[in-house]
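One point on numbering: in the UniProt record's numbering, the residue at position 235 of the sequence shown is 235, and numbering is uninterrupted. Just so you know, even glycine gets a beta-carbon here, dropped at the ideal spot from N, CA and C. Here the structure comes first, spelled out in structure tokens, and everything after it is commentary.
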Amino acid sequence: MRINVNGTENVIELCRRIKKLQAFVHVSTAFTNSDRKEINETVYPMPINLEEARHVADTYSHDDVIVSAFMGKKPNTYTFSKAFAEQQVMKQCEDLPTAIIRPSIVMSSVKEPCPGWIDTWNGSTGLFVGMPAGILRVVLGRGSNVTDLVPVDIVTNLIVVAATECQKSKEIKVYNCCTGTSNPITCDEATTISRKVALKYSLNELPWPFLMFTPSVFLYTLITFLLQIVPAYLIDLWCILTGRKATQIKLQRRLKKVVDAVKFFLLNEWKFSDDNIRDLLKTMSPVDKEIFNFDVKTINWETCIEDYILGARKYLLKSEK
């Protein structure tokens, strides 16, 4: 709450001191309303008031059962607090040139500054590194679900264009920056591409790279133990006996955190409307569309995911391979 709500309020206060403010673009997340299955480009009311939420946040730790009950169907404190931040933007920015951008799961760049550029492990990056390497075999999720990935430069281009557009209207526009509606790709399809990339560049540290999705916690736990934990211990034991550094169990702990962080988004599916995005594209010239491309229909998933995997290895793992 302190970062996402209080921080947003502080930025709004700063904007009010700027005499010639041209635009205020608030970057939210598409999952602020993940308790709904269909999410339009509008700010939905919260079932509780902000002061109650602040009291709970100040009184209890984020993993307390009381906090979980208070959040309802929202998966974590991040989406919960981001939803309140949107409320404050709508309430306090009626007289400011304002836009709200809601990106889904942000991935590496499709074009700028170069294809595959990435500087964070957030989101699904760990999955796209672990699976091709052969150290991740199973994830809690549904393979038939659409995985709503969006390249980071698509998001930044939209921010720039939305900033120019909000100067022309007193209405606070919300833009769902997502791919699931206009250019969807399922978890299974993304996995198939990842496997092709792994074999094409020989990225797999263990044989037969593949990834299974299951909604069953029991099956996930069993397969993880048999196909990830046991091999990891055996490899680490061999490394210790041969005087090398043991790293596999440490990697498995990291992968567990990644799976726990993304499982809610792989087990569920949403339909995001993007009408405001489509309308904004219609106002742009062909030249501007080329320079500030945020049309997700132009994404080639085969190329984009290949660049994502190779970019993560290059910029995060510092791997030459």
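Three or more Cβ pairs drawn from the stretch 91 to 104 and the stretch 166 to 180 lie within less than 8 Å of each other, which places the two stretches in contact. Looking from the CA of residue 106, the closest CA among 262, 195, 8, 314 belongs to 262. Separation of residue 83 and residue 235 (C-alpha to C-alpha, rounded to the nearest whole angstrom) is 44 Å.
Taken in chain order, the UniProt domain "Fatty acyl-CoA reductase C-terminal" (228 to 318) contains no complete beta strand (DSSP E) segment of 3 residues or longer. Between residue 104 and residue 178, the beta carbon gap of about 4 Å places them in contact (Cβ cut-off 8 Å). Around the beta carbon of residue 176, 16 or more other beta carbons sit within 10 angstroms, so the residue counts as buried.
Burial state of residue 45 is exposed, judged by a 10 Å Cβ sphere holding fewer than 16 other Cβ atoms. For residue 217, no beta strand (DSSP E) encloses it; the enclosing alpha helix (DSSP H) starts and ends at 217 to 224. Looking at the DSSP output, residue 55 bridges to nothing. Closest option to residue 160, judged by alpha-carbon separation, among 300, 307, 284, 241: 284.
Pairing residue 220 with residue 139, the inter-Cα distance amounts to about 7 Å. Looking only at 101, 33, 86, the smallest Cα-Cα distance to residue 74 is reached by 33.
When C-alpha distances from residue 302 are compared across 37, 195, 24, 267, the shortest belongs to 195. In this structure, the beta-carbon distance from residue 312 to residue 148 does not fall below 8 Å. For residue 175, the enclosing beta strand (DSSP E) stretches over residues 173 to 177. The stretch 110 to 120 and the stretch 257 to 272 do not touch, with fewer than 3 CB-CB distances between them shorter than 8 Å. One Cα belongs to residue 295, the other to residue 252, and the distance between them is close to 37 Å. Just so you know, the alpha carbons of residue 203 and residue 231 end up roughly 18 Å apart. Scanning 50, 318, 308 for the CA closest to the CA of residue 110 turns up 308. With distances taken between CA atoms, residue 306 lies nearest to 125 out of 125, 121, 157, 90.
Under the criterion of beta carbons closer than 8 Å, residue 183 and residue 297 qualify as touching, at roughly 5 Å. Annotated three-state conformation of residue 106 is strand, per DSSP. Only residues of its own chain outside the window of five on either side were considered, and among them 137 have a CB closer than 6 Å to the CB of residue 227, listed in chain order.
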